[in-house]
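Peer 1:
In structure tokens, the structure reads:
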């Protein structure tokens, strides 16, 4: 079980080139990749995404790569004509709106300011150490996600144990719940029979008692809850991404607990249901952090 949040960083100084890679990950329902690469590496962006995607299955991932070569002349990539045109137009708009003119930083993010055709992509040979540095940063990220995931796992299993205890409590009182319900129905039927206008026969009454008693039977829900608990335990022990699967199992638990709450009109059972819902909700919150 791994957390979806983490950070990894690796630096390689080759003497004639400096490579710095940072990888950050935060919670996300699916795998979302964002790359902030220098112009020389833009052609390798899909390769970077592929490297990360092999080891990260869920979360929003940002990869930042800085690549500097010594004694390299800075390529003429700035389109001064476009930059000046953007600045004049945006400054005019800013004046009309009575606001601040655009900053240089904001102008540099506009398409057309840089001429990428003048930038040479790194060679296949130069790409190898960059790829190795990415993998080292990725290893650090995964290690942090695993360590944080271990802590979350311990907390989740505390709530898991609470669910198991509550279900056992409900299982023990379930037969009495059915008997109590049946007794209430019988007493109600007796009251009705004392009414002269009540014409139902004894067989009709017994049939109605059986039907209503069956509606109060929660044994199937208890069996399914125990099955879901076993599934949860098995899946949580896997080394692959388990977050979405555990969320599905938890959703099924909620369904069973709601059915138990609606069927069992019993004070003790209601108290245990509150404990169940509380523990399940706490697990649901923690699963938002799990890959």
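Residue numbers (my numbering): -19 to 271.
All residues carry an ideal CB built from backbone N, CA and C; glycine is no exception.
Keep in mind it's a predicted model, so treat the numbers as computed, not measured.
In terms of alpha-carbon separation, which member of 23, -16, 118 and 245 lies closest to residue 155?
Peer 2: On the chain shown, position 175 is the one that residue 155 refers to. Comparing Cα-Cα distances from residue 155 to each of 23, -16, 118 and 245, the minimum goes to 245.
Peer 1: Near residue 44, which residues of its chain fall below 6 angstroms by C-beta distance, leaving aside the five closest residues on each side in sequence?
Peer 2: As a working note, residue 44 is residue 64 in the chain shown. Once the five neighbours on either side are set aside, the close Cβ partners of residue 44 are 2 and 16.
Peer 1: Between which two residues does the alpha helix (DSSP H) harbouring residue 225 extend?
Peer 2: Reading the chain shown from its first residue, position 245 is the one you call residue 225. Start and end: 223 to 243.
Peer 1: Buried or exposed for residue 5, please, with buried defined as at least 16 other CB atoms from any protein chain shown within 10 angstroms of its CB.
Peer 2: For the purposes of this step, residue 5 is identified with residue 25 of the chain shown, where counting begins at 1. Buried: at least 16 other Cβ atoms inside 10 Å.
Peer 1: Under DSSP, the beta strand (DSSP E) around residue 48 begins and ends at which residues?
Peer 2: Indexing the chain shown from 1 puts residue 48 at position 68. That run of the beta strand (DSSP E) goes 39 to 49.
Peer 1: Just mark residue 266 as buried or exposed, buried being the case when its beta carbon has 16 or more other beta carbons within 10 Å.
Peer 2: Indexing the chain shown from 1 puts residue 266 at position 286. Residue 266 should be labelled buried.
Peer 1: Under the three-state reduction of DSSP, which class applies to residue 16: helix, strand or coil?
Peer 2: For this step, residue 16 is matched to residue 36 along the chain shown. Correct three-state label for residue 16: strand.
Peer 1: Look at the alpha carbon of residue 259 and the alpha carbon of residue 249, and state the distance between them as a whole number of angstroms.
Peer 2: As a working mapping, residue 259 is identified with position 279 in the chain shown. As a working mapping, residue 249 is identified with position 269 in the chain shown. Whole-angstrom Cα-Cα distance: 15 angstroms.
Peer 1: Let me confirm a value: residue -6 is counted as buried when at least 16 other C-beta atoms fall within 10 Å, else exposed. Which label applies?
Peer 2: What you label residue -6 is simply residue 14 of the chain shown in a count that begins at 1. Classification of residue -6: exposed, given that the 10 Å Cβ count is below 16.
Peer 1: Is it buried or exposed for residue 269, if we count other Cβ within 10 angstroms and need 16 for buried?
Peer 2: Start at 1 with the first residue of the chain shown, and residue 269 comes out as number 289. Under this definition residue 269 is a buried residue.
Peer 1: With respect to the beta strand (DSSP E) encompassing residue 1, which residues constitute its N-terminal and C-terminal limits?
Peer 2: The sequence position of residue 1 within the chain shown is 21, counting from 1. It spans -3 to 6 - the beta strand (DSSP E) in which residue 1 sits, taken as one unbroken run.
Peer 1: Keeping to the same chain, check which residues put their C-beta closer than 6 angstroms to that of residue 28; ignore five residues upstream and five downstream.
Peer 2: Position 48 of the chain shown, counting from 1, holds the residue named residue 28. The residues are 15 and 43.
Peer 1: Is any heavy atom in the ligand GDP found nearer than 8 angstroms to the beta carbon of residue 12?
Peer 2: As for the ligand GDP, it is missing from this structure, which has no ligand bound.
Peer 1: Could you check the C-alpha separation between residue 327 and residue 26 for me, to the nearest Å?
Peer 2: No statement about residue 327 is possible, as the shown extent of the chain runs from -19 to 271 and does not include it.
Peer 1: Taking Cβ to Cβ, would you say residue 229 is nearer than 9 angstroms to residue 218?
Peer 2: Here the question's residue 229 lines up with position 249 in the chain shown. Here the question's residue 218 lines up with position 238 in the chain shown. No, they are not a contact pair.
Peer 1: Using the Cα positions of residue 48 and residue -3, report the straight-line distance between them to the nearest angstrom.
Peer 2: By one-based count along the chain shown, residue 48 stands at place 68. By one-based count along the chain shown, residue -3 stands at place 17. C-alpha separation (whole angstroms): 6 angstroms.
Peer 1: Does residue 208 pass the burial test, meaning 16 or more other C-beta atoms within 10 Å, or should it be called exposed?
Peer 2: For the purposes of this step, residue 208 is taken as residue 228 along the chain shown, with counting starting at 1. The residue in question, residue 208, is buried, as its Cβ has 16 or more Cβ neighbours within 10 Å.
Peer 1: Give the secondary structure of residue 117 by DSSP, where H, G and I count as helix, E and B as strand, and everything else as coil.
Peer 2: For the purposes of this step, residue 117 is taken as residue 137 along the chain shown, with counting starting at 1. It is helical.
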